[in-house]
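Asker: First the structure, which I've put down as structure tokens, then a few questions once you've had a look.
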Amino acid sequence: MRMTFTASLLLSCLWISNSLASTTDIMEEERPAGPDQSLFARPEGESSLLSGLKTAENIEFLSEEEQQGIAKGFTVTFMKDKSRKPLRVDDGDVYTNLLAKHNVPLTYLTGLSIDGGGTRGVISAVLLEELQKYLTKPLHHYFDYIGGTSIGGIIALGLTAQDPENPTYPLLNASRIVSLFDQSERIFPKDKGKVERAPYNLPLRLWDSLRYLMTEAKATMISRYVPHDLMELLKENLREDTYFHTSLTHTLITAVDTKPQRPQTYLFDSRDARKLHEREEVTIPLWEIGRSTSAAPTYFPAYSLKLECKDGRILNEHQLIDGGLWLNNPTGLVARSLLKWASEEFMYASHKNMVMLSLGTGYAEEEKQLPSNAGWARAASPVIDTLMSVSSFSVHETMLEVIGRKNYARINPKISHKIDLDDTDEDNREILKKLARDKVPELEKFIQGPFRKILEADEFRLEPLRDQVEGQVEYVKGKERQIS
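In terms of the numbering used here, the sequence shown opens at residue 5 and continues consecutively.
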């Protein structure tokens, strides 16, 4: 029995380590001096909604020269004339000083990032509920980009999904999202968990895991839960007729595509979705994205996503799992997306005018213990949980280095005892809610600090700061100002 358990654990570690070795992303072991370019340069092992399309309009992030510039001096191009030299940090200081001299407000770029963490996502939901109490408009109004992984991705989708009956408001507000965690046992039924942890399941689970690893669904491994109830809950709350390209603000959701020979990061970006809809009339239901980003290995099977045109053509097919192994904390990707958007819209962007809020789902320092009768999925879960925690911490450290404490805040409470990602215990849920509310002072510090700049600008939805030769007009803070 012990050998069977050990073999299953080794197989899970082997798959995870092989997958991690195939991507170049935030978890890279080598970190260059200065700002970490992996936050802003598109990794080789990454794809998105527009990947693989044969069109001149296919988006690439920054050029190779610009990527090298970022590594050397946090370079961001904002000039419309691409023949000009990129703007460097020192030049940016001159530029911001010039704006201040003429009383022109600086355009701030804002991002909200929400970690994955299963039922522990109630921490992020409560923090967002508390944040909303300080605001006069829905949360999406205050952020240029909202990104999330796994449960964080589902929360992000809910906050940015357009309500068909009230198009300026989201389908779900933060309070509604908090209440949804009371239905967590629909997704993670306790009785099923008890059956699958039984010792007599070990030989069958080991065989199933080997079979899955040798098929197209290799990344699915063997899941503990049937995804039917998760899908139904997503359809009930995100609706079946609500689509990604109609998001109320820019939205970024992470996943991992296991269909290629080597798994790679897959990004759902609402900006890409709008372009794809305009060109190919592709519509992607929000519930499908929620199902894709929450397909955590050992918890749920992978989700097969087809990008289908209105005329029935299939543009792409993907086998997607939870992005938490690579990108449980997507803050770096949200920051990169902000810079990409600013570059395309010819806005000035640097650490000086980027405001980021990153919400975690709690962490526990105690070592995770494997139960003596653990099955394949139960054995692999602590490994996955640990990788998610390491990924989140690594990104946090890098963001502190790049953006600094002045414009960046991360709120991630310490959990005193182990609470699994599929824990549905009501008492534990109340503990998590209390931990989140205990962090309100940190949230207030962020609101009174970097976020105050945003709240003081009542009209926050930004228009690009353009270098327009014709018309000689600049757009700042949504207000038109003639250049004298």
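The C-beta atom is built at its ideal place from N, Cα and C for all residues, glycine as well.
Computed from a predicted model, the values in this text were never measured in an experiment.
#1: Cα-Cα, which of Y367, L309 and L342 is closest to T111?
#2: Is D431 closer than 9 Å to G122 when the C-beta atoms are compared?
#3: Output the distance between the C-alpha atoms of N411 and H249, rounded to the nearest integer angstrom.
#4: According to the neighbour-count rule (16 or more other Cβ atoms, all chains shown, within 10 Å of its Cβ), is S420 buried or exposed?
#5: For A340, is the classification buried or exposed, using 16 other Cβ atoms within 10 angstroms of its Cβ as the cut-off for buried?
#6: Is it buried or exposed, D273, if we count other Cβ atoms within 10 angstroms and call 16 or more buried?
#7: Taking the C-alpha atoms as reference points, what is the distance between P90 and F350?
#8: Can you pull the DSSP bridge partners for N320?
#9: For P305 and G115, I'd like the C-alpha separation in whole angstroms.
#10: Could you please give me the residues that DSSP links to G115 through a beta bridge?
#11: Is DSSP giving F272 helix, strand or coil here?
#12: Ignoring anything shorter than 3 residues or poking outside the region 235–299, list the beta strand (DSSP E) runs there in chain order.
#13: So N432 is in the alpha helix (DSSP H); what residue range does that whole segment cover?
#14: May I ask you to report which of helix, strand or coil DSSP gives P142?
#15: Quick one: any contact between the region 166–178 and the region 263–280, if contact means 3 or more CB pairs under 8 Å?
#16: Would you call the CB atoms of K239 and E284 closer than 9 Å?
#17: Taking C-alpha atoms, which residue in I451, L237, S227 and P193 lies nearest to A413?
#18: Can you have a look at Q166 and say buried or exposed, based on whether 16 or more other CB atoms are within 10 angstroms of its CB?
#19: Let me confirm a value: D245 is counted as buried when at least 16 other C-beta atoms fall within 10 Å, else exposed. Which label applies?
#20: Grab me the residues of D261's own chain with a C-beta within less than 7 Å of its C-beta, minus the 5 sequence neighbours each way, in chain order.
#21: Tell me the DSSP bridge mates of A413?
#22: Taking only three categories from DSSP, how would you classify F78?
#23: Can you tell me where the beta strand (DSSP E) holding T302 begins and where it ends?
#24: Looking only at its chain, what residues have a beta carbon closer than 6 Å to the beta carbon of K443, apart from the 5 residues adjacent to it on each side?
#25: Report the rounded CA-to-CA distance for L361 versus T164, giving the unit in angstroms.
#26: Using the three-state DSSP reduction, which class does E134 fall into: helix, strand or coil?
#27: Can the beta-carbon of T302 be found less than 9 Å from the beta-carbon of G125?
#28: Please report how far the alpha carbon of S154 lies from the alpha carbon of L132, in whole angstroms.
Answerer: Taking the geometry as given:
#1: If you number the sequence shown from 1, residue 111 lands on position 107. Looking at the Cα atoms, L342 is the closest of the given residues.
#2: In the sequence shown, the residue the question calls residue 122 occupies position 118. In the sequence shown, the residue the question calls residue 431 occupies position 427. No, the pair does not count as a contact, with Cβ atoms beyond the cut-off.
#3: If you number the sequence shown from 1, residue 411 lands on position 407. If you number the sequence shown from 1, residue 249 lands on position 245. Looking at the two C-alpha atoms, the distance is approximately 29 Å.
#4: As a first step, residue 420 must be located in the sequence shown, where it is residue number 416. So S420 ends up on the exposed side.
#5: As a first step, residue 340 must be located in the sequence shown, where it is residue number 336. Here the sequence assigns Arg to residue 340, which means Ala is not the residue at that position. Its Cβ being crowded by 16 or more others within 10 Å, R340 is buried.
#6: Translated into positions along the sequence shown, residue 273 becomes position 269. With 16 or more other Cβ atoms within 10 Å, it is buried.
#7: Locating residue 90 in the sequence shown gives position 86, counting from the first residue. Locating residue 350 in the sequence shown gives position 346, counting from the first residue. Only weak support exists for where P90 lies, its pLDDT of 39 falling under 50; the value from the coordinates is given anyway. Cα to Cα, P90 sits roughly 11 Å from F350.
#8: Position 316 of the sequence shown, counted from the start, is the residue given in the question as residue 320. Its beta-bridge partners are L311.
#9: Walking along the sequence shown from the start, residue 305 turns up at place 301. Walking along the sequence shown from the start, residue 115 turns up at place 111. Approximately 30 Å, taken between the alpha carbons.
#10: One-based indexing of the sequence shown puts residue 115 at position 111. Partner(s): Y149 and M360.
#11: Walking along the sequence shown from the start, residue 272 turns up at place 268. If DSSP states are grouped into helix, strand and coil, F272 belongs with the strands.
#12: 254–261 and 268–273
#13: Walking along the sequence shown from the start, residue 432 turns up at place 428. Residues E430 to D442.
#14: One-based indexing of the sequence shown puts residue 142 at position 138. Looking at P142 - three-state DSSP - the assignment turns out to be coil, as it is neither helix nor strand.
#15: no
#16: Counting from 1 along the sequence shown, the entry for residue 239 is found at position 235. Counting from 1 along the sequence shown, the entry for residue 284 is found at position 280. Not in contact: K239 and E284 (Cβ atoms no closer than 9 Å).
#17: Along the sequence shown, one-based indexing puts residue 413 at 409. Nearest C-alpha to A413: I451.
#18: Within the sequence shown, the letter at position 162 stands for residue 166. Its Cβ being crowded by 16 or more others within 10 Å, Q166 is buried.
#19: Here the question's residue 245 lines up with position 241 in the sequence shown. D245 should be labelled exposed.
#20: As a working note, residue 261 is residue 257 in the sequence shown. Around D261: S51, P267, Q268, Y270, H322, Q323 and L324.
#21: In the sequence shown, the residue the question calls residue 413 occupies position 409. Answer is L361, bridged to A413.
#22: Position 74 of the sequence shown holds residue 78. For F78, the predicted structure reports a pLDDT of 31, less than 50, and the residue's modelled location is therefore unreliable. A value from the coordinates is still provided. Note: F78 maps to coil in three-state DSSP.
#23: Working through the sequence shown from its first residue, we reach residue 302 at position 298. T302 -> no beta strand (DSSP E), and no H or E assigned at all.
#24: Here residue 443 refers to the residue found at position 439 of the sequence shown. Taken in chain order, the residues that qualify are I415 and P417.
#25: In the sequence shown, the residue the question calls residue 361 occupies position 357. In the sequence shown, the residue the question calls residue 164 occupies position 160. Cα-Cα distance, rounded: 16 Å.
#26: Against the sequence shown, residue 134 aligns to sequence position 130. Correct three-state label for E134: helix.
#27: The sequence position of residue 302 within the sequence shown is 298, counting from 1. The sequence position of residue 125 within the sequence shown is 121, counting from 1. Contact: no.
#28: Along the sequence shown, one-based indexing puts residue 154 at 150. Along the sequence shown, one-based indexing puts residue 132 at 128. Distance between the alpha carbons of S154 and L132: 17 Å.
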